[in-house]
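In what follows, a single structure is set out as structure tokens and then discussed.
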Amino acid sequence: MCFVWISLRYKKGVLLPRGPRRPIDASASLDAVACDKEKHSFIYHLEDFRPSHMKSLMWRFLVACFHLLDTKAFTRRQRRRESLINTLLDDSSLDDSSIDDLYEQIDDEESISG
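Per numbering that gives the first Met the number 0, the sequence shown runs over residues 0 to 113.
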């Protein structure tokens with residue numbers, strides 16, 4: 000993320016002036032929770048933040064970096080949720096098929112209540 004921060008704040012080694020050309024600066028002064036929300040919003044709407052000064056090759060590289068970071072983050076979230084499911088069910092032998100069955104039960108319950 001630091002590489003992206005630097006890439007979006009500088010052009011040819013010169014710090015860009017404050018304002019719309021440095022779109023993620025505002026999040027630096029937020030508290031941790033607000034900063035996290037801003038970061039996720041930034042990542043989700045990445046295409047809205049492409050600086051006009053940035054060449055296509057560099058922009059593609061940054062988007063590819065975000066794609067990799069997002070993929071890794073998804074894997075971590077998935078593992079945490081599976082761990083939480085195991086903890087809540089107090090069953091350390093829960094396997095992938097059991098998780099799928101649990102999701103189906105939840106879907107069925109939501110369909111009935113909805």
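By construction, the Cβ of each residue, glycine as well, lies at the ideal position given by its N, Cα and C atoms.
At a cut of 8 angstroms, does the segment 45 to 60 reach the segment 9 to 29 through at least three beta carbon pairs? yes
Determine the burial state of VAL32: buried for a count of at least 16 other Cβ atoms within 10 Å of its Cβ, exposed for fewer. exposed
Would you say LEU61 and SER26 are within 8 angstroms of each other, going by their C-beta atoms? no
What's the gap between the Cα of PHE48 and the Cα of LEU68? 17 angstroms
Euclidean distance between Cα positions of ARG21 and THR70: 26 angstroms
Look at ILE42 and PHE73 and say whether their C-beta atoms are less than 8 angstroms apart. Contact: no.
Measure how close the beta-carbons of LEU29 and GLU37 come, nearest whole angstrom, since I'm counting them as under 8 angstroms. 6 angstroms
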